[in-house]
Each structure stands twice: as structure tokens, then as C-alpha cells.
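J.: In mature numbering (1 follows the signal peptide of the UniProt record, and there is no 0), the protein residues as written are -21 to -1, 1 to 302. Note that the Cβ used here is the ideal one computed from N, Cα and C, for glycine as well.
1. For residue 238, collect the residues of the same chain with a Cβ closer than 6 Å to its Cβ; drop the 5 residues on either side in sequence, then sort them by chain order.
2. Going by Cα to Cα distance, which pick from 64, 68, 140 and 29 is closest to residue 246?
3. Starting from residue 287, follow the beta strand (DSSP E) in both directions and report where the run begins and ends.
4. Should residue 87 be labelled buried (16 or more other beta-carbon atoms within 10 Å of its own) or exposed?
5. Would you kindly work out how many angstroms separate the C-alpha atoms of residue 192 and residue 176, rounded to a whole number?
6. Does the region 276 to 293 come close enough to the region 89 to 109 to have 3 or more Cβ pairs within less than 8 Å?
7. Does the beta-carbon of residue 292 have 16 or more other beta-carbons within 10 angstroms, so that it is buried, or is it exposed?
8. DSSP three-state call for residue 21: helix, strand or coil?
9. Just to confirm my understanding: we take residue 85, look at its own chain, exclude 5 residues before and 5 after, and list those with CB closer than 6 Å. What are they?
10. Pick helix, strand or coil for residue 15, following the three-state DSSP scheme.
11. For residue 288, count neighbouring C-beta atoms within 10 Å of its own C-beta (all shown protein chains included) and say buried if the count is 16 or more, exposed if not.
12. Exposed or buried, which one is residue 312 when buried takes at least 16 other CB atoms within 10 Å?
13. Just to confirm the assignment: which complete beta strand (DSSP E) runs, minimum length 3, are found wholly within the region 18 to 59?
14. Could you check whether residue 156 and residue 93 sit closer than 8 Å to each other, using their CB atoms as the reference points?
15. What does DSSP give as the partner residues of residue 183 in its beta bridges?
16. As a quick exercise: from 79, 244 and 172, pick the residue whose alpha carbon is nearest that of residue 227.
17. Flag this pair as yes or no: are the beta carbons of residue 46 and residue 33 separated by less than 8 Å?
18. Let me confirm a value: residue 7 is counted as buried when at least 16 other C-beta atoms fall within 10 Å, else exposed. Which label applies?
19. Mind checking who residue 263 pairs with in its DSSP beta bridge?
20. Can you check whether the CB of residue 107 is closer than 8 Å to the CB of residue 145?
21. Considering Cα atoms alone, identify which of 109, 163, 244 and 164 is closest to residue 199.
22. I want to know whether the region 199 to 209 touches the region 118 to 125 - three or more CB-CB distances under 8 Å.
23. How about residue 36 and residue 254: do their beta carbons lie closer than 8 Å?
24. Please say whether residue 230 and residue 50 have beta carbons closer to each other than 8 Å?
25. Looking at the structure shown, is residue 160 part of a helix, part of a strand, or coil, going by DSSP?
26. Smallest Cα separation from residue 31: which of 263, 296, 282 and 270?
27. What is the C-beta distance between residue 267 and residue 24, in whole angstroms, given that I count them as a contact (C-beta under 8 Å)?
28. Please work out which residues of its chain come closer than 6 Å, Cβ to Cβ, to residue 29, disregarding the five sequence neighbours upstream and downstream, and give them in chain order.
29. Indicate, with yes or no, if the ligand GTP has a heavy atom lying under 7 Å from the CB of residue 280.
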């Protein structure tokens, strides 16, 4: 009987110790550097935005927040790395709109694009611009629709690759406008803009960061911006004025591995929300054609799931072969 009592007391003490140790560990977080993993090259949009938030987050958390690039497969290598990381708050991921596109385009991702992540907050949103050369015959979305209906499948548009967000944005535009466009994929860089300005392609769908300089210089013309309303710093109407209901905004958001403790997610959400309210952060994001857009974790998760459904429909209707 005495042994039974001692054993029971020992088990109870062990349970109390385990229960108290977990909150203590969470309260001590972070006690070492935190990394933000993003999937694109140095100097790109995702890398730049990650660094914009990393510095003030470092100050807020009292430990360094470092940015690490794990490039390849359209960001999927970085996403898989984060999904499989230990859920202790020391490995975070910066997802982009391409995350939802990948879920629609790739058949066999090695992670679940929703269930394998603890969502923290969206960071920023930004539209694309549909542009043509300034001296070309197409001067508005109405002109584009008329020309495309007169020459089905002949008017070309560029993107940064098959299955990219820009590609699917162009396909969605064609679907909603009732026209056929010819897709010309590139591997990114400045070649699409060069080919647009020299007349090799008719249209480009890309970020304001890429196309904005030529538009402001007068060598390219913005037919429309893909946001629901006009976008600050760009003299262009929404595409939706000519194609009712059309809207595409890409995004960047912060996540952690699934099962990261709720107190850590709550702390990260609170600190990131404060960072995104800083005037200097908002100004820097604006220079990138982005707008700070914090959200709740639940709202981000619902948004990403909705984006996946939208792009799955576009892929199916455009007849794009899933990879």
C-alpha cells in the first residue's frame, strides 16, 4: 500500500512538473535568434519584405531575427522546410501569393498548404498591373477586349513562368473578359519588360515594382491595376472597371509550423501588428508597391484557403496541366 501511494505521488509530481515546464519554456521564448525563411532570391520582393520586418521584430523580441533564403520550386522548398521544422517559435516562414498558386498547380506537394502551418498574420498586399507599350494601339481595357475578340488567341501577355501568379492572373482576366490571350512565359528578370517595349509581346502582367518605372517614364502604359480600387502611386484605373468583378491582389504573410504553442503565435501576432503600424515600415512597403495589411491568424488562414480555391478554379477552366 505504501509503495502504491509513493508511486502515485511521484506520478502526480511528474505531471505537475511537465505541465509547469511547458509554460515556463514558452515564457522564456525567445532565448536565441529567430529565423524567417523565405523561398526567393536575395533582393527580390519576398526577401526585401522579410528584411523590412525583421529589424523591428528583432528589437521588439529582444533577440536577432534573421532572414534565410531556401530557394527553388517557386517557394515550395522553403514552405516544406518550415512545415517540417520544430514547432518551437524559432523557425518562421514568409509565404507569398505563390503559395496558394502552388497548391492549385502542383499535384503532389510534400506538405499541406493550410494544415501544416500556424498562421500569424498577413504582412502586406499588392496588386499587379496590366501594361502595354505607350505607343501601341491598345490604350485601354476596352481597346484590349475589342482587339482580342477580333484576333482570338493572337494578343500575347508575359508572365514570370507557367503556373506563376502573374500567369494565372492573365488567365483569369481572359476568362472574365470572355477573350483568348496567348501566354508567353519568361524566367523573371527584365526581359519581359524589354520585349514589351520593343513590341515582341503585346502585354505584361507584373508587379508595380517591375513595371512602374517604365510606366512613370512614359515608355509603357498601364491599362489597369488588378486591385479593386486605384492604387496609390500608379495612374491607372482598376481592371474591374472594364471587366466587372475582376480583382487580384497578391500577398505576403508570416507563418510558423503547425502546433507552435498558442502563446508564441499570440506574441508574434501582437509584435508584428505593432511593426506594421510603424510609419517607416509603411513607407518602405509603399515604395515596393505594397501596403501593410495585418490580419488575425484565423483571418489569414481563411484568406489563404480561399485563394487556393480561386486558383484551382482558374487552373481547371484554363486547361493548365497540373504538374
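T.: Concretely, from the data shown:
1. On the chain shown, position 259 is the one that residue 238 refers to. Counting only Cβ-Cβ distances below 6 Å, and skipping sequence neighbours, we find 66.
2. Within the chain shown, the letter at position 267 stands for residue 246. Minimum Cα distance to residue 246 is reached at 68.
3. As a working note, residue 287 is residue 308 in the chain shown. From DSSP, residue 287 is part of no beta strand (DSSP E) but of the alpha helix (DSSP H) over 276 to 297.
4. For the purposes of this step, residue 87 is taken as the residue at position 108 of the chain shown. By the neighbour-count rule (16 or more Cβ atoms within 10 Å), residue 87 is not buried but exposed.
5. As a first step, residue 192 must be located in the chain shown, where it is residue number 213. As a first step, residue 176 must be located in the chain shown, where it is residue number 197. Cα to Cα, residue 192 sits roughly 12 Å from residue 176.
6. yes
7. Within the chain shown, residue 292 is the residue found at index 313, counting from 1. The residue is exposed, with fewer than 16 neighbouring Cβ atoms inside 10 Å.
8. Here the question's residue 21 lines up with position 42 in the chain shown. Reduced to three states, the DSSP call for residue 21 is coil.
9. Here residue 85 corresponds to residue number 106 of the chain shown, with the count starting at 1. 302.
10. In the chain shown, residue 15 corresponds to position 36, counting from 1. Looking at residue 15 - three-state DSSP - the assignment turns out to be strand.
11. Taking the chain shown and counting its residues from 1, the one referred to as residue 288 is at position 309. That one is exposed.
12. No information on residue 312 is available, as it lies outside the stretch -21 to 302 that the chain covers here.
13. 44 to 48
14. Here residue 93 corresponds to residue number 114 of the chain shown, with the count starting at 1. Here residue 156 corresponds to residue number 177 of the chain shown, with the count starting at 1. Not a contact, by the Cβ cut-off of 8 Å.
15. Position 204 of the chain shown, counted from the start, is the residue given in the question as residue 183. The partner list for residue 183 (beta bridge, DSSP) reads 110 and 137.
16. One-based indexing of the chain shown puts residue 227 at position 248. Ranking the options by Cα distance to residue 227, first place goes to 79.
17. One-based indexing of the chain shown puts residue 46 at position 67. One-based indexing of the chain shown puts residue 33 at position 54. For residue 46 and residue 33, yes; Cβs fall inside 8 Å.
18. Residue mapping note: residue 7 aligns to position 28 of the chain shown, counting from 1. Result: exposed.
19. In the chain shown, residue 263 corresponds to position 284, counting from 1. DSSP, once it has assigned bridges, lists no residue as partnering residue 263.
20. Along the chain shown, one-based indexing puts residue 145 at 166. Along the chain shown, one-based indexing puts residue 107 at 128. Yes, these two residues count as a Cβ contact at 8 Å.
21. In the chain shown, the residue the question calls residue 199 occupies position 220. If we check each option's Cα against that of residue 199, 109 comes out closest.
22. yes
23. Residue numbering aside, residue 36 sits at position 57 when the chain shown is read from its first letter. Residue numbering aside, residue 254 sits at position 275 when the chain shown is read from its first letter. Going by C-beta atoms, residue 36 is nearer than 8 Å to residue 254.
24. Position 71 of the chain shown, counted from the first residue, corresponds to residue 50. Position 251 of the chain shown, counted from the first residue, corresponds to residue 230. The answer is no: Cβ separation not under 8 Å.
25. Here residue 160 refers to the residue found at position 181 of the chain shown. Residue state, collapsed to three classes: coil.
26. Along the chain shown, one-based indexing puts residue 31 at 52. The shortest Cα separation from residue 31 among 263, 296, 282 and 270 belongs to 263.
27. By one-based count along the chain shown, residue 267 stands at place 288. By one-based count along the chain shown, residue 24 stands at place 45. Yes, they are in contact, since the Cβ atoms of residue 267 and residue 24 sit about 7 Å apart, within 8 Å.
28. In the chain shown, counting from the first residue as 1, residue 29 sits at position 50. For residue 29, where only same-chain residues beyond five positions count, the Cβ hits under 6 Å are 15, 17, 46 and 73.
29. With respect to the ligand GTP, the structure offers nothing, as it holds no ligand at all.
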